[in-house]
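**Student:**
In the numbering used here, the protein residues as written are 264 to 562.
1. Tell me which same chain residues have a C-beta within less than 6 Å of the C-beta of residue 284, skipping the five on either side of it?
2. Flag this pair as yes or no: are the beta carbons of residue 540 and residue 465 separated by less than 8 Å?
3. In this structure, does DSSP put residue 518 in helix, strand or coil?
4. Output the distance between the C-alpha atoms of residue 428 and residue 308, rounded to the nearest integer angstrom.
5. Please name the residue, chosen from 300, 496 and 350, that lies closest to residue 533 on a Cα-to-Cα basis.
6. Among residues of its own chain, excluding the 5 on either side of residue 279, which ones have a beta-carbon nearer than 6 Å to its beta-carbon?
7. Helix, strand or coil, according to DSSP, for residue 359 in the structure here?
8. Could you check which residue in 273, 287, 305 and 274 has the C-alpha nearest to that of residue 439?
9. I'd like the ranges of any alpha helix (DSSP H) spanning at least 4 consecutive residues and lying wholly in the stretch 288 to 329.
10. Cα separation between residue 479 and residue 347?
11. Look at the alpha carbon of residue 493 and the alpha carbon of residue 436, and state the distance between them as a whole number of angstroms.
12. Would you please state the rounded distance, in angstroms, between the beta carbons of residue 490 and residue 355? I believe it to be under 8 Å.
13. Let me know the alpha helix (DSSP H) ranges lying completely inside the stretch 481 to 558, each 4 residues or longer, listed in chain order.
14. With a Cβ-Cβ cutoff of 8 Å, do residue 318 and residue 400 count as a contact?
15. What does the Cβ neighbour count give for residue 331, buried or exposed, with the cut at 16 atoms within 10 Å?
16. Would you mind reading off the limits of the alpha helix (DSSP H) that contains residue 471?
17. Which stretch, first to last residue, makes up the alpha helix (DSSP H) that contains residue 376?
18. Mind the definition here: the stretch 440 to 458 touches the stretch 322 to 331 only if three or more C-beta pairs lie below 8 Å; say whether that holds.
19. So residue 329 packs on residue 415, CB below 8 Å; how close in whole Å?
20. Quick one: what does DSSP say residue 412 is sitting in, helix, strand or coil?
21. For residue 519, is the classification buried or exposed, using 16 other Cβ atoms within 10 angstroms of its Cβ as the cut-off for buried?
22. Is it right to say residue 441 is buried, meaning 16 or more other beta carbons lie within 10 angstroms of its own, or is it exposed?
23. By the 10 Å Cβ neighbour count, where 16 or more other Cβ atoms means buried, how is residue 264 classified, buried or exposed?
24. Taking the beta carbon of residue 273 as the centre, do at least 16 other beta carbons fall within 10 Å, making it buried, or is it exposed?
25. For residue 374, tell me which candidate among 339, 553 and 513 has the shortest Cα-Cα distance.
26. Give me, in chain order, the residues of the same chain whose beta-carbon lies closer than 6 Å to that of residue 389; leave out the 5 immediate sequence neighbours on both sides.
27. Classify residue 470 as buried or exposed, calling it buried when 16 or more other Cβ atoms lie within 10 Å of its own Cβ.
28. When you compare each of 535, 523, 484 and 472 to residue 297 by their alpha carbons, which one comes out closest?
29. Cα separation between residue 563 and residue 303?
30. For residue 543, count the other beta carbons within 10 Å of its own beta carbon; 16 or more makes it buried, fewer makes it exposed. Which is it?
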């Protein structure tokens, strides 16, 4: 049990180290990423009842920042470097991480508020992503409508179908839903596998590029740090106005980085995936600091 607890506590560094060390072999598993994302979202949505969804004004402010903010940061950075702009864009656009509800609960926030926003932002991004991605994509030679339908065909199902399937199972197949709930911890191990795979593919691309652009890659990492900090702070600022700083901070700041890396690698310039890959580290450092401060204040 101690070994298993150690592995679970160190899952983030172990997954990323494995992806870095074994990138040559891990890269071949990149085709699994959308299926892993789909399955993780299915487990998450099976735990959430549609009746529990309650949309509040703070949700709408967070969603406005997420959607409009993604285009705002793209517009700011595109004049400096298009790839950096793409990395900044995807770090703001992607929905909240499914693990955000867990961290919110540990920090003493409103889990119900966060889970409602989790559903809301996933549906909103499923609709908005196919519309926005063609505007910032590297594939400028592809007509907008063709790019729109191509992206919609692949992105929307990964975000929307798990939600619809989960709700169908909840009401039509309650025994199956109960079984899925009993093995919901499996989503954690799927997350570990997915993180290993996307890390391996990112490292593989960076290592094998013919003319490495280290300045752009470092800039992407630093920009993602700035965006990560700003999103946590801005979310908490909005939350304080509505009496729920913790939940709003996690809702806006803690991102589904695996989805972000996959989208960047699939539809944007592959180097732009460095930004969400670095975001993995930044948001986990912030969460670790928040949890440490919470424990210190309670002791």
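We treat Cβ as the ideally placed atom computed from N, Cα and C, and that holds for glycine. Keep in mind the model is a prediction, meaning the values are calculated, not measured.
**Tutor:** In brief:
1. Locating residue 284 in the chain shown gives position 21, counting from the first residue. Cβ neighbours of residue 284 beyond the five flanking positions: none.
2. If you number the chain shown from 1, residue 540 lands on position 277. If you number the chain shown from 1, residue 465 lands on position 202. Taking 8 Å as the Cβ cut-off, residue 540 and residue 465 qualify as a contacting pair.
3. Reading the chain shown from its first residue, position 255 is the one you call residue 518. It is a strand residue.
4. Position 165 of the chain shown, counting from 1, holds the residue named residue 428. Position 45 of the chain shown, counting from 1, holds the residue named residue 308. Rounded to the nearest angstrom, the two C-alpha atoms are 9 Å apart.
5. What you label residue 533 is simply residue 270 of the chain shown in a count that begins at 1. Residue 350 is the option with its Cα nearest to residue 533.
6. Within the chain shown, numbered from 1, the residue matching residue 279 stands at position 16. Result list for residue 279: 462, in chain order.
7. Stepping through the chain shown from its first residue, residue 359 is reached at position 96. Strand.
8. Taking the first residue of the chain shown as 1, we reach residue 439 at position 176. Minimum Cα distance to residue 439 is reached at 305.
9. 296 to 309
10. Taking the chain shown and counting its residues from 1, one reaches residue 479 at position 216. Taking the chain shown and counting its residues from 1, one reaches residue 347 at position 84. Their backbone Cα atoms lie some 7 Å apart in a straight line.
11. Residue mapping note: residue 493 aligns to position 230 of the chain shown, counting from 1. Residue mapping note: residue 436 aligns to position 173 of the chain shown, counting from 1. Whole-angstrom Cα-Cα distance: 42 Å.
12. By one-based count along the chain shown, residue 490 stands at place 227. By one-based count along the chain shown, residue 355 stands at place 92. Sure, about 6 Å apart at Cβ, within 8 Å.
13. 508 to 516 and 520 to 530
14. Position 55 of the chain shown, counting from 1, holds the residue named residue 318. Position 137 of the chain shown, counting from 1, holds the residue named residue 400. In this structure, residue 400 does not lie closer than 8 Å to residue 318 by Cβ.
15. Here residue 331 is taken as the residue at index 68 of the chain shown, counted from 1. So residue 331 ends up on the exposed side.
16. Residue numbering aside, residue 471 sits at position 208 when the chain shown is read from its first letter. Residues 449 to 471.
17. Residue 376 sits at position 113 when you count from the first residue of the chain shown. Note, residue 376: alpha helix (DSSP H), 374 to 399.
18. no
19. Sequence index remark: in the chain shown, residue 329 carries index 66 (1-based). Sequence index remark: in the chain shown, residue 415 carries index 152 (1-based). That belief does not hold up - the Cβ atoms of residue 329 and residue 415 are roughly 19 Å apart, past 8 Å.
20. What you label residue 412 is simply residue 149 of the chain shown in a count that begins at 1. The answer is helix: DSSP assigns residue 412 an H, G or I state.
21. Position 256 of the chain shown, counted from the start, is the residue given in the question as residue 519. Label assigned to residue 519: buried.
22. Position 178 of the chain shown, counted from the start, is the residue given in the question as residue 441. By the 10 Å Cβ count, residue 441 comes out exposed.
23. Translated into positions along the chain shown, residue 264 becomes position 1. Confidence at residue 264 is low in this model, with a pLDDT of 49, below 50, so the placement of that residue should be treated as unreliable; the coordinate-derived value is given next. Label assigned to residue 264: exposed.
24. Against the chain shown, residue 273 aligns to sequence position 10. Its Cβ having fewer than 16 others within 10 Å, residue 273 is exposed.
25. Start at 1 with the first residue of the chain shown, and residue 374 comes out as number 111. Considering only alpha carbons, the answer is 513.
26. For the purposes of this step, residue 389 is identified with residue 126 of the chain shown, where counting begins at 1. Counting only Cβ-Cβ distances below 6 Å, and skipping sequence neighbours, we find 419, 422 and 423.
27. The sequence position of residue 470 within the chain shown is 207, counting from 1. With fewer than 16 Cβ atoms within 10 Å of its Cβ, residue 470 is classed as exposed.
28. As a position in the chain shown, residue 297 is number 34, starting the count at 1. When each option's Cα is compared against that of residue 297, the closest is 523.
29. This structure leaves residue 563 out entirely; the chain is present only between 264 and 562.
30. Reading the chain shown from its first residue, position 280 is the one you call residue 543. Its Cβ being crowded by 16 or more others within 10 Å, residue 543 is buried.
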